[in-house]
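In UniProt numbering, the protein residues as written are 1 to 480.
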Amino acid sequence: MMPANYPRQPAHLWEHFYRFTQIPRPSRQEAAVRQYVIDLAEKAGHQHALDEAGNLVIYIPASPGREDSPTVIIQNHLDMVTVKTADREHDFETDPLSLQVEDGWLSADRTTLGADNGLGCAAAIAVMTDPEVSHPALELLFTVDEETGLGGALNFDPSLLSGTLMLNLDTEDWNELYIGCAGGAGWHFARSFSQEAVAATAECWQLTLRGLAGGHSGVQIHEQLANAGKLLAEALRGVPGLRLASIEVGIAHNVIPREGTVSFCCEPGSEARIREHLDKVRQQWLAYLPPADHGVELALCPAQLAAALDPVDSLRLLDLISLFPHGAQAYSLEQPADLVDLSINLAVVRLQQGELFIESSYRFFNPDQSLPLQNSVLALARAFDLEVEVDVGYPGWQPDFSSPLLEQGCELHQRMFGERPAIKAIHAGLECGILKSKKPDVDILSFGPTIRGAHSPSERLRIDTVEPFWQFLKQLLAEL
1 MMPANYPRQP AHLWEHFYRF TQIPRPSRQE AAVRQYVIDL AEKAGHQHAL DEAGNLVIYI
61 PASPGREDSP TVIIQNHLDM VTVKTADREH DFETDPLSLQ VEDGWLSADR TTLGADNGLG
121 CAAAIAVMTD PEVSHPALEL LFTVDEETGL GGALNFDPSL LSGTLMLNLD TEDWNELYIG
181 CAGGAGWHFA RSFSQEAVAA TAECWQLTLR GLAGGHSGVQ IHEQLANAGK LLAEALRGVP
241 GLRLASIEVG IAHNVIPREG TVSFCCEPGS EARIREHLDK VRQQWLAYLP PADHGVELAL
301 CPAQLAAALD PVDSLRLLDL ISLFPHGAQA YSLEQPADLV DLSINLAVVR LQQGELFIES
361 SYRFFNPDQS LPLQNSVLAL ARAFDLEVEV DVGYPGWQPD FSSPLLEQGC ELHQRMFGER
421 PAIKAIHAGL ECGILKSKKP DVDILSFGPT IRGAHSPSER LRIDTVEPFW QFLKQLLAEL
């Protein structure tokens with residue numbers, strides 16, 4: 001149900017965004033929301049095309065008198081990250097989001113909001129449905145499967161596009177224009193461990209870590225947010241006679257893990273010592289973790305286990321998690337210190353019935369700069385006898401400070417709002433890099449309203465940035 005205080009202006013944009021929040025759209029399950037867009041296009045009499053990957057292009061004729069203006073592409077992705085808190089019952093494949101407005105922010109009830117990139121999609125559709133918008137011929141590109149590896153863009157058929165100007169609406173800081181994004185790649189690692197029966201006299205426990213902020217492994221990696229897998233490995237080092245049975249940490253390659261659970265057995269009579277140790281390490285964490293992570297909790301409860309790794313392999317696995325790199329590795333020498341040049345995310349650690357699975361991804365602007373990091377991770381994999389599967393990478397979008405589209409956007413922003421916008425690149429895998437590699441002649445500019453906590457249940461959209469974002473988009477289209 002729409003909240004009574006749900007934003008109302010600009011009407012077309014907010015209406016379409018609400019519809020997006022009511023249609024489940026996990027990655028690779030975008031058919032329903034794509035059909036919503038197609039139905040709107042057909043109702044308006046516009047043509048559309050689909051490629052084999054499921055990407056959608058809507059073709060909109062120019063407004064009267066704008067027929068000689070160059071065609072503009074407006075690009076967004078249909079899917080959203082699906083993350084919720086442990087205490088929230090929500091099925092992202094069937095349930096609509098429950099929205100709430102508080103202190104000038106729009107969010108969802110303990111789930112991701114999908115403003116990344118649903119708000120941009122809604123803006124593109126609003127351009128199509130609002131008769132007051134003056135625009136050249138438009139090609140509205142809606143890609144699929146962005147959040148799980150940019151699959152839609154990687155498999156996009158560029159012959160569906162003719163435009164040489166592109167507006168991407170998938171960045172998350174108003175008053176900033178983006179002209180570059182990171183490339184990325186990653187790995188899956190696997191190994192089998194032998195298990196041994198758990199003695200009847202052993203103590204068996206389940207340790208759950210929750211309360212971290214989590215977040216986007218690109219745009220938030222410089223915030224030094226804690227990684228649940230790293231913290232759990234540290235906490236377990238105080239357990240006498242530790243034998244690991246299971247680990248469940250992380251959900252996706254582009255999400256900093258915010259919670260996790262480990263099952264283990266240990267020496268009899270260890271409960272008091274373990275609880276004392278857990279209290280101690282939590283207090284140590286609070287001394288240096290960022291305020292966003294100060295809700296961290298450790299919950300210990302009894303478990304029933306039939307088999308577990310031996311103590312040697314258990315310690316070896318903790319060593320692997322501790323040694324695995326995570327976080328910002330290098331910062332830009334040209335931009336402010338919050339622009340990371342190179343980073344890595346230890347995204348998923350899973351141990352079930354002796355089978356270990358690890359997923360990690362890294363991001364870069366210069367692929368050559370990532371080579372030492374790649375070599376160190378692969379050396380670690382060899383040292384711990386891990387099988388390695390390399391994920392397909394994607395190119396970055398190298399900043400072009402001489403872009404005519406950038407200069408036009410800056411001049412317009414100055415005229416409308418009395419100041420030039422910040423010009424930035426983003427340490428995240430926008431689809432712009434891939435699309436630029438497929439259409440080298442396209443000039444790209446990216447912008448959007450302010451979103452915080454993307455890829456986490458704390459995702460929220462700052463409402464008062466949406467109206468100026470929309471006015472800027474409308475005026476830019478009127479002048480291109």
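Glycine included, C-beta positions come from ideal geometry on N, C-alpha and C.
When secondary structure is reduced to three states using DSSP, residue 16 falls in the helix class. As for any beta strand (DSSP E) of minimum length 3 sitting wholly inside the region 390 to 424, there is none. Straight through space, the alpha carbons of residue 11 and residue 456 are spaced by roughly 27 Å. Assigned with DSSP and collapsed to three states, residue 3 falls in coil, not helix or strand. Here the C-alpha atom of residue 354 lies approximately 44 Å from the C-alpha atom of residue 168. When DSSP states are grouped into helix, strand and coil, residue 466 belongs to the helix group. Rounded to the nearest angstrom, the gap between the Cα atoms of residue 30 and residue 270 is 49 Å.
Ranked by how close their Cα comes to the Cα of residue 277, the residues 299, 294, 291 and 260 have 299 in first place. Counted as a single uninterrupted DSSP element, the alpha helix (DSSP H) harbouring residue 322 occupies residues 311 to 323. Here the region 342 to 362 makes contact with the region 250 to 262; the two share three or more CB pairs at distances below 8 Å.
Counting along the chain, the unbroken alpha helix (DSSP H) around residue 117 starts and ends at 115 to 129.
Taking the Cβ atoms as the reference, residue 303 lies roughly 10 Å from residue 198, outside the contact range of under 8 Å. If you compare the alpha carbons of 292, 187 and 260 with that of residue 224, the shortest gap goes to 292. Residue 264 counts as buried, since no fewer than 16 other beta carbons sit within 10 angstroms of its beta carbon.
By the Cβ criterion, the region 441 to 452 is in contact with the region 150 to 168, since at least three pairs of Cβ atoms, one from each stretch, lie closer than 8 Å. Secondary structure of residue 63 (DSSP, three-state): coil.
Taking residue 333 as reference, the option from 425, 237, 469 and 117 with the minimal CA-CA separation is 425. In the DSSP annotation of this structure, the continuous segment of the alpha helix (DSSP H) that includes residue 377 starts and ends at 371 to 383. The beta-carbon distance between residue 439 and residue 158, rounded to whole angstroms, is 5 Å. This is short enough to meet the 8 Å contact definition. One Cα belongs to residue 41, the other to residue 245, and the distance between them is close to 53 Å.
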